[in-house]
Amino acid sequence: MILTSDYDYDLPEELIAQTPLTNRSESRLMVLDRKAKTIEHKRFSDIIDYLTPNDVLVLNDTKVIPARLIGHKEDTGAVIEILLLKDMGNNVWETLAKPQRRVKLGGIITFGDGRLKAKCIDKENMGVCHFELIYDGILVEILDSLGEMPLPPYIHEKLADKDRYQTVYAKNPGSAAAPTAGLHFTPELLKKIEEKGIEIVYITLHVGLGTFRPVEEDDLTNHVMHTEYYEISEEAANSLNRAKATGKRIVAVGTTSTRTLESAYDNGFKKCCANTSIFIYPGYKFKAIDAQITNFHLPKSTLIMLVSAFAGREFILDAYKEAVEEKYRFFSFGDAMFIK
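Reminder that position 169 of the sequence shown reads as 166 in this note's numbering, one-by-one numbering, no gaps.
Below you can see the structure in the form of structure tokens.
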């Protein structure tokens, strides 16, 4: 039995970042050395000093869609909010609906004077519903005009510029949340990294329920991860295989890149489109990655369990305690950590 409560920590609410910094790369960077058990305090722009031409930097190029929709039940007019999580094909989407108890099988919710309608075709537990979306035109364009960016519930400030909840390299639409470790990179910093001879590889994982659903089991090994869709191109697979063959260090940017690489690695990488429900917690043996850049994660979340698996629970909790003492900014718009 592994207790979920072992991954709890005290966090003053004022340290939860409500807005992004003006300059992405000016966020703070805590550098953790897993072997020496040392902690350094830097700026994110200093990451370039910790990367060498012997590294391959792996970025998740998913793009957040305006997935939060506020509509009305066609029969009663009751307000229903849905968060689009995953495209299941044939215009069917897995969603979180609230209040779910008001959603009936076969019921229709309308958005934006009927430009978009959603018919409930399945209900699961924990607020999950499957809706068939009914519309004319191009869904991405309809969502751009009707949807809102799905900011996490702990962010109470309105986002002035919705592009600040996207990475500068976001390309493939489909996420219900941003891969936040990547928010610290600027085009200028990426250019400097490439000029230093460091190869950058892009993969895609669409962030859905699997990443941010809370762990409600006392024994974390009973927690079931939801599936998330990922893609690795042939070009990316070839680059990653070359890195492995030549002993280069694979540096994953974010827990989403980490989960994708660990899911896809099987004595090498190959071009693939697949779903993953991998749950990484202490005891897991990493096969694909050698270092990672990540943000500071919620207490008792699957993400703090993942970084604890990589660096050791006690070391991570000590680092989080130091981050609180040093008044780091936490969560999506917060500061970063480099674990080497």
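Virtual Cβ for every residue (Gly too), placed ideally from N, Cα, C.
Measure the Cβ-Cβ separation of residue i and residue j and say whether it is below 8 Å.
{"i": "A308", "j": "L93", "result": "no"}
{"i": "I200", "j": "I190", "result": "no"}
{"i": "E23", "j": "S42", "result": "yes"}
{"i": "Y317", "j": "F293", "result": "yes"}
{"i": "Y166", "j": "D58", "result": "yes"}
{"i": "L202", "j": "T164", "result": "no"}
{"i": "H223", "j": "S274", "result": "yes"}
{"i": "N169", "j": "K60", "result": "yes"}
{"i": "Q147", "j": "A173", "result": "The residue asked about is misnamed: residue 147 is Pro in this sequence, not Gln. Closer than 8 Å, so yes."}
{"i": "I338", "j": "A285", "result": "Lying outside -2 to 337, the shown extent of the chain, residue 338 is not represented and no answer is given."}
{"i": "G179", "j": "G86", "result": "no"}
{"i": "A306", "j": "Y262", "result": "no"}
{"i": "S298", "j": "V212", "result": "yes"}
{"i": "N235", "j": "G265", "result": "no"}
{"i": "V89", "j": "I118", "result": "yes"}
{"i": "D216", "j": "I(-1)", "result": "yes"}
{"i": "T255", "j": "Y227", "result": "no"}
{"i": "Q289", "j": "A249", "result": "yes"}
{"i": "I229", "j": "D52", "result": "no"}
{"i": "L48", "j": "K188", "result": "no"}
{"i": "F327", "j": "I13", "result": "yes"}
{"i": "F38", "j": "E322", "result": "Checking the sequence shown, residue 38 turns out to be His, not Phe. For H38 and E322, no; Cβs fall outside 8 Å."}
{"i": "R310", "j": "D5", "result": "no"}
{"i": "D84", "j": "G171", "result": "yes"}
{"i": "V125", "j": "E154", "result": "no"}
{"i": "L80", "j": "R65", "result": "yes"}
{"i": "R21", "j": "H181", "result": "yes"}
{"i": "K337", "j": "R31", "result": "yes"}
{"i": "F283", "j": "E319", "result": "no"}
{"i": "Y132", "j": "R112", "result": "yes"}
{"i": "E225", "j": "N272", "result": "yes"}
By the DSSP assignment, the alpha helix (DSSP H) with residue i in it spans what residues?
{"i": "A316", "result": "310 to 322"}
{"i": "R239", "result": "231 to 242"}
{"i": "S254", "result": "251 to 261"}
{"i": "P184", "result": "184 to 192"}
Going by DSSP in three states, residue i sits in which element: helix, strand or coil?
{"i": "N88", "result": "coil"}
{"i": "S298", "result": "coil"}
{"i": "G343", "result": "In the structure displayed, the chain extends from -2 to 337; residue 343 sits before or after that span and is not available."}
{"i": "F327", "result": "strand"}
{"i": "A44", "result": "For the record, residue 44 in the displayed sequence is Ile; it is not Ala. Helix, per DSSP."}
{"i": "Q163", "result": "coil"}
{"i": "D287", "result": "coil"}
{"i": "Y199", "result": "strand"}
{"i": "N20", "result": "coil"}
{"i": "E395", "result": "This structure cannot speak to residue 395, because the chain is shown only from -2 to 337."}
{"i": "I(-1)", "result": "coil"}
{"i": "S172", "result": "strand"}
{"i": "E71", "result": "coil"}
{"i": "R112", "result": "coil"}
{"i": "R99", "result": "helix"}
{"i": "A306", "result": "helix"}
{"i": "T107", "result": "strand"}
{"i": "N292", "result": "strand"}
{"i": "Y281", "result": "coil"}
Does any residue of chain D have a CB that is nearer than 8 Å to the CB of residue i?
{"i": "H223", "result": "Judged by its chain identifiers, the structure shown contains no chain D, having just a single protein chain."}
In the DSSP assignment, the beta strand (DSSP E) including residue i goes from what residue to what residue?
{"i": "C333", "result": "Checking the sequence, you will find Ala at residue 333 rather than Cys. Taken as a continuous stretch (DSSP letters only), the beta strand (DSSP E) holding A333 covers 333 to 336."}
{"i": "A14", "result": "Per DSSP, A14 belongs to no beta strand (DSSP E) and is neither H nor E."}
{"i": "M27", "result": "25 to 30"}
{"i": "A33", "result": "Segment: none, A33 is in no beta strand (DSSP E) and carries neither H nor E."}
{"i": "L8", "result": "Counting along the chain, L8 falls outside any beta strand (DSSP E), and DSSP gives it neither H nor E."}
{"i": "K60", "result": "59 to 61"}
{"i": "T273", "result": "269 to 273"}
Report back the beta-carbon spacing between residue i and residue j to the nearest angstrom; my notes put them in contact at under 8 Å.
{"i": "I77", "j": "L140", "result": "The Cβ separation is near 16 Å, so there is no contact."}
{"i": "G109", "j": "L143", "result": "4 Å"}
{"i": "D332", "j": "L26", "result": "7 Å"}
{"i": "I106", "j": "Q15", "result": "No, I106 and Q15 are not in contact; Cβ-Cβ is about 30 Å, not under 8 Å."}
{"i": "V204", "j": "P176", "result": "6 Å"}
{"i": "E214", "j": "T1", "result": "6 Å"}
Measuring only from the beta carbon, is residue i closer than 7 Å to any heavy atom that is part of the ligand SAM?
{"i": "A75", "result": "With respect to the ligand SAM, the structure offers nothing, as it holds no ligand at all."}
* Asked: Curious, which full-length alpha helix (DSSP H) runs of at least 4 residues does the segment 122 to 156 contain?
  -> 136 to 143
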